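Below: the structure, in structure tokens.
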Amino acid sequence: MNKFMLMIFFLFLLVLGYAYVCNDDTRVMKEKIGILKQNKISLPLERMKYICHRSMGENTQINKSLKFVSYSDFMACSSCAVDKLYTWIDLIRKTESYENKLGYYFIFFPKMKEWANVEFAISTLSHFNYPVYMDSLGIFERSNPHLPHNQMFHTFLLDENNNVLLVGNPLDNEKIEEMFWQIVEKKLGKRE
């Protein structure tokens, strides 16, 4: 009976420790999101290389009511992120009724050895007609020192003043997608 009680005690400690770690992770995530929301995001797009499909012109207009930014740095697999650009098309098309009020900006800062391959892959995307930028000098990250290194915090929705309204990828999380639509509809009106 004594060994059984000891096992129960250790199991209780294990569960308690796990609960503490999970709670600590949640606290850290909330802190990082809080830091992002306290600071504006700088979008120095004019200092990055703009890569577009042949049918697009130069996209220098960043004075949108809302801006959706997805940033992939050298810590992430840039070629994987390029391959996933197609997954954004459905969401972007659902927001086309907002015309010039909501802009999408995909920023890549690949490893130097991947640079040419990533640039080529982006330039050959035939059905992705949305702004993609190559940040060869790490300008985006240097302009935003408050940006966490974790890729989970590199997708966000900004207001007209570049304040962070939402952090997270709506394609990966239903709750984030729901929050995305709530913000968009509150700021820009109901979808048609």
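In my numbering, the protein residues as written are 25 to 216.
Beta carbons are placed, not taken as given, at the ideal position from N, Cα and C, and that holds for glycine.
Since the structure is predicted, the reported quantities are computational estimates derived from the model, not experimental observations.
Query raised in the report: With which residues is residue 190 paired in a DSSP beta bridge?
Result: Per DSSP, 181.
Requested in this report: Taking the CB atoms as reference points, tell me whether residue 187 and residue 64 lie closer together than 9 Å.
Outcome: The criterion of a C-beta distance shorter than 9 Å is satisfied by residue 187 and residue 64.
Query raised in the report: On the three-state DSSP scale, how would you describe residue 91?
Result: In the displayed model, residue 91 falls within a strand according to three-state DSSP.
Query raised in the report: Touch check for the stretch 146 to 166 and the stretch 124 to 131: three-plus C-beta pairs under 8 Å?
Result: Contact check between the stretch 146 to 166 and the stretch 124 to 131: three or more CB pairs, one atom from each, fall below 8 Å, which counts as touching.
Report task. Name the two residues that bound the continuous beta strand (DSSP E) containing residue 131. Result -> Residue 131 -> beta strand (DSSP E) spans 126 to 132.
Query raised in the report: How big is the Cα-Cα spacing for residue 197 and residue 191?
Result: Their Cα atoms are separated by approximately 11 Å.
Query raised in the report: Exposed or buried, what is residue 193 when buried is set at 16 or more other beta-carbons lying within 10 Å of its beta-carbon?
Result: By the 10 Å Cβ count, residue 193 comes out buried.
Query raised in the report: Run through DSSP, which three-state label would residue 214 get?
Result: Three-state DSSP puts residue 214 in coil, outside helix and strand.
Query raised in the report: Per DSSP, what kind of secondary structure is residue 73 in: helix, strand or coil?
Result: DSSP places residue 73 in strand when its eight states are reduced to three.
**Report entry** Chain-order list of residues whose beta-carbon lies under 6 Å from that of residue 163 (same chain, five-residue window excluded)
**Finding:** Same-chain partners within the cutoff: 68, 71.
**Report entry** Three or more C-beta pairs below 8 Å linking the stretch 87 to 94 and the stretch 168 to 177
**Finding:** No: the two stretches stay apart, fewer than three of their Cβ pairs being nearer than 8 Å.
Query raised in the report: Can you tell which of 26, 60, 75, 121 has its C-alpha closest to the C-alpha of residue 179?
Result: That would be 60, whose Cα lies nearest to the Cα of residue 179.
Query raised in the report: Between residue 143 and residue 75, what straight-line distance do the alpha-carbon atoms span, to the nearest angstrom?
Result: Cα to Cα, the separation comes out at about 8 Å.
Query raised in the report: If you draw a straight line from the alpha carbon of residue 54 to that of residue 62, how long is it in whole angstroms?
Result: The straight-line gap separating the alpha-carbon atoms of residue 54 and residue 62 is approximately 12 Å.
**Report entry** Collapsed DSSP secondary structure at residue 110 in the structure displayed
**Finding:** For residue 110, the three-state secondary structure derived from DSSP is helix.
Query raised in the report: Is residue 147 helix, strand or coil by DSSP?
Result: Residue 147: helix per DSSP, three-state reduction.
Query - Reduced DSSP secondary structure (H/G/I, E/B, other) of residue 154 - result: Of the three classes helix, strand and coil, the one that applies to residue 154 here is coil, per DSSP.
Report task. Quick one: grab the DSSP three-state call for residue 167. Result -> Assignment of residue 167 by DSSP, reduced to helix, strand and coil, places it in the helix class.
Report task. Quick one: measure Cβ to Cβ for residue 16 and residue 207, integer angstroms, because I've assumed they're closer than 8 Å. Result -> With the chain running from 25 to 216 in the structure shown, residue 16 is simply not present.
Report task. Consider the C-beta atom of residue 207 and the heavy atoms of the ligand SAM; say whether any pair is separated by less than 8 Å. Result -> As for the ligand SAM, it is missing from this structure, which has no ligand bound.
Query raised in the report: Which class does residue 121 belong to by DSSP, given the choice of helix, strand or coil?
Result: DSSP places residue 121 in helix when its eight states are reduced to three.
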